[in-house]
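Visitor: First the structure, then my questions, so here it is.
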Ligand SMILES: [Zn+2]
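Numbering (our numbering), first residue to last: 73 to 370.
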């Protein structure tokens with residue numbers, strides 16, 4: 073007897089594009105994803121229309137279950153927190169809107185970091201890990217945890233705003249209102265700020281210059297890595313992970329970032345906690361968030 077496929081849909085609602093895919097009973101994606109552009113002028117109705125059209129295109133016009141990864145947090149009443157990349161979604165009940173439009177009985181929204189962390193734990197760097205931390209270093213910085221196979225949600229559907237742990241009390245001001253947070257030093261925007269003095273406009277340019285042997289660019293990545301190591305030591309005291317994976321654009325710097333991070337984590341962290349931690353790059357790349365949303369339909 074063959075299993076009846078569940079009519080489930082996974083949605084990765086990113087800041088510049090949305091991807092929608094059909095999901096099998098095991099939570100794995102089936103076939104290619106539909107992709108559409110979104111941005112700051114996208115309305116709530118636009119997002120709903122995109123998802124409804126994609127469901128039709130994927131031959132699942134009335135899915136049973138829809139899991140949506142959002143570039144924001146999920147408030148306690150299941151509405152979306154502030155969404156800077158698609159402002160119209162701030163405060164929206166996106167789950168309810170999609171449920172009404174598609175007829176799906178179950179529609180759940182999850183912070184993208186929770187989806188990415190789950191995917192990396194189940195299918196990427198964290199396979200076999202029982203306590204796993206996934207750090208996403210893209211434009212900003214964030215971290216999620218998966219313990220015993222399930223995403224940890226301490227606040228707003230994930231690990232709070234874990235990219236804003238303190239790493240340098242004398243560090244720069246951060247848009248979050250704090251100072252010396254991980255994101256204020258180790259993030260795409262922070263490296264673009266620091267790289268400007270070297271004539272390097274983006275974190276990717278800083279990485280390329282460092283890979284080409286530029287000493288000052290290497291110094292910036294070393295500092296970013298040291299701060300990442302401090303954040304890893306802090307998260308580890310609470311989560312006690314066996315594996316920490318670093319994802320996002322900055323992870324492309326590889327050992328230029330990870331070697332100083334590892335050294336600093338061991339310098340400042342409690343040996344009985346940090347000695348057992350593998351700190352590595354994540355493996356799933358941009359697919360992780362959509363894959364994780366798929367896993368969350370099961
Ligand atoms: Zn901050």
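C-beta atoms are modelled at their ideal positions from N, C-alpha and C, and glycine is treated no differently.
Reducing DSSP to helix, strand and coil, say where residue 188 ends up.
Guide: It is helical.
Visitor: Suppose the cutoff is 7 Å on Cβ atoms and the five residues either side in sequence are ignored; what does the same chain contact list for residue 194 look like?
Guide: Cβ within range, chain order: 367.
Visitor: Return the first residue and the last residue of the beta strand (DSSP E) that residue 89 is part of.
Guide: 89–95 is the span of the beta strand (DSSP E), which, as asked, contains residue 89.
Visitor: Tell me whether the beta-carbon of residue 303 lies closer than 7 Å to the beta-carbon of residue 254.
Guide: Result yes, Cβ atoms of residue 303 and residue 254 sit closer than 7 Å.
Visitor: Can you check which of these residues, 273, 161, 316, is closest to residue 112 by C-alpha distance?
Guide: The residue with the shortest Cα to Cα distance from residue 112 is 161.
Visitor: Could you please give the first and the last residue of the uninterrupted alpha helix (DSSP H) stretch that includes residue 304?
Guide: First-last of the alpha helix (DSSP H) with residue 304: 287–311.
Visitor: Which residues neighbour ligand 1 when neighbourhood means a C-beta less than 6 Å away from any of its non-hydrogen atoms? List them by chain order.
Guide: After applying the 6 Å Cβ criterion, the set is 236, 246, 248, 250, 253, 255, 256.
Visitor: Would residue 170 pass as a contact of residue 132 if the rule is Cβ separation under 7 Å?
Guide: Not in contact: residue 170 and residue 132 (Cβ atoms no closer than 7 Å).
Visitor: Buried or exposed: where does residue 347 fall if 16 or more other Cβ atoms within 10 Å of its Cβ makes it buried?
Guide: That one is exposed.
Visitor: Suppose you measure from the CA of residue 291 to the CA of residue 165; what does that come to, to the nearest Å?
Guide: Cα-Cα distance, rounded: 44 Å.
Visitor: Could you pull out every unbroken beta strand (DSSP E) segment of at least 3 residues lying fully inside the stretch 260–287, listed in chain order?
Guide: You should have found no qualifying run.
Visitor: Taking all protein chains shown into account, do 16 or more other C-beta atoms lie within 10 angstroms of the C-beta of residue 220, making it buried, or fewer, making it exposed?
Guide: Flag for residue 220 reads exposed.
Visitor: Per DSSP, what kind of secondary structure is residue 156 in: helix, strand or coil?
Guide: Note: residue 156 maps to coil in three-state DSSP.
Visitor: Where does residue 229 land, buried or exposed, given buried means 16+ other C-beta within 10 angstroms?
Guide: Counting Cβ neighbours within 10 Å, residue 229 comes out buried, since at least 16 surround it.
Visitor: Which word fits residue 149, buried or exposed, when buried means at least 16 other C-beta atoms lie within 10 angstroms of its C-beta?
Guide: So residue 149 ends up on the exposed side.
Visitor: Which class does residue 315 belong to by DSSP, given the choice of helix, strand or coil?
Guide: Strand.
Visitor: Alpha carbon to alpha carbon, how far is residue 201 from residue 85? Give it in angstroms, no decimals.
Guide: Going by the C-alpha atoms only, they are around 27 Å apart.
Visitor: By the DSSP assignment, the beta strand (DSSP E) with residue 84 in it spans what residues?
Guide: Taken as a continuous stretch (DSSP letters only), the beta strand (DSSP E) holding residue 84 covers 80–85.
Visitor: Would you list the residues sitting across from residue 228 in a DSSP beta bridge?
Guide: Partner(s): none; residue 228 has no beta bridge.
Visitor: Give me the Cα-Cα distance between residue 365 and residue 352, rounded to the nearest whole angstrom.
Guide: Residue 365 and residue 352: Cα-Cα distance of roughly 23 Å.
Visitor: Judging by CA-CA distance, which residue of 268, 299, 309 is the nearest neighbour of residue 289?
Guide: The shortest Cα separation from residue 289 among 268, 299, 309 belongs to 268.
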